[in-house]
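Asks: This is the structure I want to talk about, given as structure tokens.
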Amino acid sequence: MGEMNQPPPPPVAVPPPMVMQPIMHPPVGTGAVFPPHEQFHHLAYCVHSNPSWVQVAALAFLHYLVMLGSTVMLASTIVPAMGGTPGDKARVIQSFLFMSGINTLLQTLIGTRLPTVMNASFAFVVPVLSIARDFEQNNYASSHQRFTHTMRATQGALIVASILNMILGFSTIWGAYARKFSPVIMTPVVCVVGLGLFALGFPQVGKCVEIGLPMLILAVVVQQYVPYYFHHYHERITFLFERYSLLLCIGIVWAFAAILTAAGAYNHVSLKTQQHCRTDKSYLISSAPWIKIPYPFQWGTPIFTAGHSFGMMGAVLVSAFESTGAHFATARLAGATPPPASVLSRSVGLQGIGMFLEGIFGAPAGSSVSVENIGLLGLTKVGSRRVIQISTGFMIFFSIFGKFGAFFASIPLPIFAAIFCILFGIVAAVGVSYMQFANKNSMRNIYIIGLSLFLGISVPQYFHEYTASASTGPARTNAGWFNDIINTVFASGPTVSLIVASVLDNTLEFRGYENDRGLPWFMPFLHRRKGYSDPRNDEFYSFPIRVHDVIPSRFL
């Protein structure tokens, strides 16, 4: 009975049915959006900061070695076509190096003031070879006499054509054109400054793959992977590998090539393979003089002809286009603001003076900014102006003491080509970084960048392929000077890209799209007017001494 009178057990609490809470996803793009940065954060030294003198000397010598590769390539292309001997080639290389040192010093002191190396430009190949063909059928006592005569004609054409850049630069016409630039224009142009030189990369590596490919792989492993995986052992070792690994790699692969040469690996191969692979086939060391100072009119009195001078103007104009794009790449990798329009204008004018001097001192080609040295700024993370200025000492020294310069010039070209694969790629990637300052989702911008980038690569490729098959460019009128201008201008990727991008960006929906084009960020750097220009411009681009009382303000 007692059990029956007990109260019933309390009811068991039944949990409420589970309600599925909606999963809160983060906003689209979270974790993948990086704000624009005007400067790369991983640079160790920018334009006006300097490493120790020991580091400066080592990096300066590395810059000299890197620019030496393209110098030898250019001389190897034009000197034989002009009828020159290995001795003539050695003297041309000396002239190139001497004038590169002079022009680089001028540009870093009173030009753009950026750490840019001025080097002989491949843009001059077309007009120089055209001049060589004009004298090919003449009767000369020797091939050296034909070479000397061709050199004198080339000198005269370069002296006259250089006036074009002086006019464009010092009249501020080029500056007025540069004020139309925007990040949308600079993105494809800087990309093509690097990508347009692809023919000097792996196609040259493949001419001696057993030397070029190990150099490419070794450079990537030693410079990138070794510092990353061994940084916890010793910071000093990591620092040395990250900054000076190219010197080590060049030495190792060069020694490997010398061993293959001495062991007879190339005794029974074609002459062309021997020229690219052997370390003793350039004949530069045996033919170079011990001491030879380049002097004015060393080949004789210049020969002035109107046709050759007008034809050379195409290459002079191309060098201005290519150097302009290269200056924007240099500014990014050196931690500087984009160069103002007035600075670009005075740089082009000074480039014209440099070409005038090159014509006087017997260099058969004018100069433009060395793209490989721009990539080296990014690879070493040192954008110091002082490094480049000290490198001019190596250029001038080795141009005078020919045997020593020829020793380094005898490095097989596939070794340099492997380095170019890395350095040109860095420059091309810098162009992509300019897009962060414009609207990346604008179809207008995508259209302009895509078309300019593609035509900047495709049009020159057509001209190069046509020239390779027909031994002359697509322009084949009765006016040889006109042919040289057309074939030179449209064989230059940065020139084509800059022309196309400038026209499209300044004519296609250009009003009301200033923000999409990135102009609010870009314009203060291009202008030097007080109250409108960015105050940091003077920090990077002002002259080392007060010259405001001598030079008009529009040039400053």
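Numbering follows full-length UniProt numbering, in which position 97 of the sequence shown is assigned residue number 97; successive positions increment by one, without gaps.
Glycine is no exception: its CB is placed at the ideal position from the N, C-alpha and C atoms.
Remember, it's a predicted structure, so these values are computed and weren't measured experimentally.
Would DSSP call residue 45 helix, strand or coil?
Replies: The residue you call residue 45 lines up with position 45 of the sequence shown. It is a strand residue.
Asks: So is residue 450 buried or exposed if we call it buried at 16+ other beta carbons inside 10 Å?
Replies: On the sequence shown, position 450 is the one that residue 450 refers to. It counts as exposed.
Asks: Under the rule that 16 or more other beta-carbon atoms within 10 Å means buried, what is residue 505, buried or exposed?
Replies: On the sequence shown, residue 505 is found 505 positions in, with the first residue counted as 1. Flag for residue 505 reads buried.
Asks: Suppose contacts are defined by Cβ-Cβ distances below 8 Å. Is residue 453 in contact with residue 193 by that definition?
Replies: As a position in the sequence shown, residue 453 is number 453, starting the count at 1. As a position in the sequence shown, residue 193 is number 193, starting the count at 1. No, Cβ-Cβ distance for residue 453 and residue 193 is not below 8 Å.
Asks: What alpha helix (DSSP H) runs, 4 residues minimum, are completely inside the stretch 320-392?
Replies: The qualifying runs are 341-361 and 371-380.
Asks: For the stretch 379-396 and the stretch 272-289, state whether three or more C-beta atom pairs, one from each stretch, are separated by less than 8 Å.
Replies: no
Asks: Hey, out of 301, 520 and 70, whose CA is closest to residue 182's CA?
Replies: As a working mapping, residue 182 is identified with position 182 in the sequence shown. With distances taken between Cα atoms, residue 182 lies closest to 520.
Asks: Quick one: is residue 293 buried, meaning 16 or more other Cβ sit within 10 Å of its Cβ, or exposed?
Replies: Walking along the sequence shown from the start, residue 293 turns up at place 293. It counts as exposed.
Asks: Tell me, please, whether the stretch 327-341 touches the stretch 39-49 by the rule of three or more beta-carbon pairs shorter than 8 Å.
Replies: yes
Asks: Classify residue 358 as buried or exposed, calling it buried when 16 or more other Cβ atoms lie within 10 Å of its own Cβ.
Replies: Taking the first residue of the sequence shown as position 1, residue 358 is located at position 358. Looking at its Cβ environment, which holds 16 or more other Cβ atoms inside 10 Å, residue 358 is buried.
Asks: Would you report the Cα separation of residue 144 and residue 84, rounded to the nearest angstrom?
Replies: Counted from its first residue, the sequence shown places residue 144 at position 144. Counted from its first residue, the sequence shown places residue 84 at position 84. Distance between the alpha carbons of residue 144 and residue 84: 6 Å.
Asks: List, from N- to C-terminal side, the beta strand (DSSP E) runs of 3 residues or more that fit wholly inside the stretch 75-119.
Replies: none
Asks: What ranges does the beta strand (DSSP E) occupy inside the stretch 187-220, keeping only unbroken runs of at least 3 residues that lie completely in it?
Replies: none
Asks: Helix or strand or just coil, what does DSSP make of residue 246?
Replies: Here residue 246 refers to the residue found at position 246 when the sequence shown is read from its first residue. If DSSP states are grouped into helix, strand and coil, residue 246 belongs with the helices.
Asks: Please state if the CB of residue 489 and the CB of residue 318 are separated by a distance shorter than 8 Å.
Replies: Here residue 318 refers to the residue found at position 318 of the sequence shown. Here residue 489 refers to the residue found at position 489 of the sequence shown. Cβ distance < 8 Å, so residue 318 and residue 489 count as in contact.
Asks: Which residues in the same chain have their Cβ closer than 7 Å to the Cβ of residue 96, if we skip the five residues on either side of it in sequence?
Replies: Mapped onto the sequence shown, residue 96 falls at position 96. So the list reads 71, 75, 120 and 363, once near-sequence residues are dropped.
Asks: Assign residue 186 to buried or exposed, taking buried as 16 or more other Cβ atoms, counted over all protein chains shown, within 10 Å of its Cβ.
Replies: For the purposes of this step, residue 186 is taken as residue 186 along the sequence shown, with counting starting at 1. Residue 186 comes out buried.
Asks: Spatial neighbours of residue 386 within its chain, please: C-beta separation below 8 Å, excluding the five flanking residues on both sides.
Replies: Sequence index remark: in the sequence shown, residue 386 carries index 386 (1-based). 50 and 56.
Asks: Does the Cβ-Cβ distance between residue 147 and residue 99 come in under 8 Å?
Replies: Here residue 147 refers to the residue found at position 147 when the sequence shown is read from its first residue. Here residue 99 refers to the residue found at position 99 when the sequence shown is read from its first residue. Residue 99 is positioned such that its CB atom lies no closer than 8 Å to that of residue 147.
Asks: Please report how far the alpha carbon of residue 238 lies from the alpha carbon of residue 229, in whole angstroms.
Replies: Residue mapping note: residue 238 aligns to position 238 of the sequence shown, counting from 1. Residue mapping note: residue 229 aligns to position 229 of the sequence shown, counting from 1. So the two alpha carbons sit approximately 9 Å from each other.
Asks: Please state whether the Cβ-Cβ distance between residue 492 and residue 322 is less than 8 Å.
Replies: In the sequence shown, the residue the question calls residue 492 occupies position 492. In the sequence shown, the residue the question calls residue 322 occupies position 322. Yes; because the gap between Cβ atoms is below 8 Å, this pair is in contact.
Asks: I want to know whether the stretch 170-180 touches the stretch 426-436 - three or more CB-CB distances under 8 Å.
Replies: no
Asks: Let's test the definition: count the other Cβ atoms within 10 Å of the Cβ of residue 313 and tell me whether it reaches 16, buried, or not, exposed.
Replies: As a position in the sequence shown, residue 313 is number 313, starting the count at 1. So residue 313 counts as buried.
Asks: Check each candidate in 65, 404 and 346 and name the one with the smallest Cα separation from residue 541.
Replies: For the purposes of this step, residue 541 is taken as the residue at position 541 of the sequence shown. If we check each option's Cα against that of residue 541, 346 comes out closest.
Asks: List the endpoints of the continuous alpha helix (DSSP H) containing residue 508.
Replies: In the sequence shown, counting from the first residue as 1, residue 508 sits at position 508. Premise fails: residue 508 is in no alpha helix (DSSP H) and is neither H nor E.
Asks: Below 8 Å on the Cβ atoms is my guess for residue 498 versus residue 327; work out the distance and round it to an integer in Å.
Replies: For the purposes of this step, residue 498 is taken as residue 498 along the sequence shown, with counting starting at 1. For the purposes of this step, residue 327 is taken as residue 327 along the sequence shown, with counting starting at 1. With a Cβ gap of about 12 Å, residue 498 and residue 327 do not count as contacting.
Asks: Please confirm whether residue 412 and residue 249 have their CB atoms less than 8 Å apart.
Replies: For this step, residue 412 is matched to residue 412 along the sequence shown. For this step, residue 249 is matched to residue 249 along the sequence shown. No, these two residues do not count as a Cβ contact at 8 Å.
Asks: What is the C-beta distance between residue 525 and residue 534, in whole angstroms, given that I count them as a contact (C-beta under 8 Å)?
Replies: Position 525 of the sequence shown, counted from the first residue, corresponds to residue 525. Position 534 of the sequence shown, counted from the first residue, corresponds to residue 534. About 5 Å; that satisfies the 8 Å criterion.
Asks: With distances taken between CB atoms, is the gap from residue 311 to residue 485 smaller than 8 Å?
Replies: Along the sequence shown, read from residue 1 onward, the residue named residue 311 stands at position 311. Along the sequence shown, read from residue 1 onward, the residue named residue 485 stands at position 485. Yes, the pair counts as a contact, with Cβ atoms nearer than the cut-off.
Asks: Under a Cβ-count criterion, where at least 16 other Cβ atoms within 10 Å of its own Cβ denotes burial, should residue 462 be classed as buried or exposed?
Replies: The count along the sequence shown starts at 1 and reaches residue 462 at position 462. So residue 462 counts as exposed.
Asks: Whole angstroms are fine: how far does the CA of residue 286 sit from the CA of residue 403?
Replies: As a first step, residue 403 is located in the sequence shown; it is residue number 403 there, counting from the start. As a first step, residue 286 is located in the sequence shown; it is residue number 286 there, counting from the start. Approximately 8 Å between the Cα atoms of the pair.
Asks: Return the chain-ordered list of same chain residues with a C-beta closer than 8 Å to the C-beta of residue 410, the five sequence neighbours on each side being excluded.
Replies: Locating residue 410 in the sequence shown gives position 410, counting from the first residue. Contacts found: 279, 280, 282, 284 and 285.
Asks: Evaluate residue 507 with the Cβ neighbour count: other Cβ atoms within 10 Å of its Cβ, from every protein chain shown; 16 or more gives buried, anything less gives exposed.
Replies: In the sequence shown, the residue the question calls residue 507 occupies position 507. With fewer than 16 Cβ atoms within 10 Å of its Cβ, residue 507 is classed as exposed.
Asks: Just to confirm my understanding: we take residue 344, look at its own chain, exclude 5 residues before and 5 after, and list those with CB closer than 8 Å. What are they?
Replies: Against the sequence shown, residue 344 aligns to sequence position 344. If we look at residue 344 and ignore the five residues flanking it on each side, its Cβ neighbours are 112, 174, 175, 178, 324 and 327.
Asks: Report the three-state DSSP secondary structure of residue 50 (helix, strand or coil).
Replies: Within the sequence shown, the letter at position 50 stands for residue 50. Reduced to three states, the DSSP call for residue 50 is coil.
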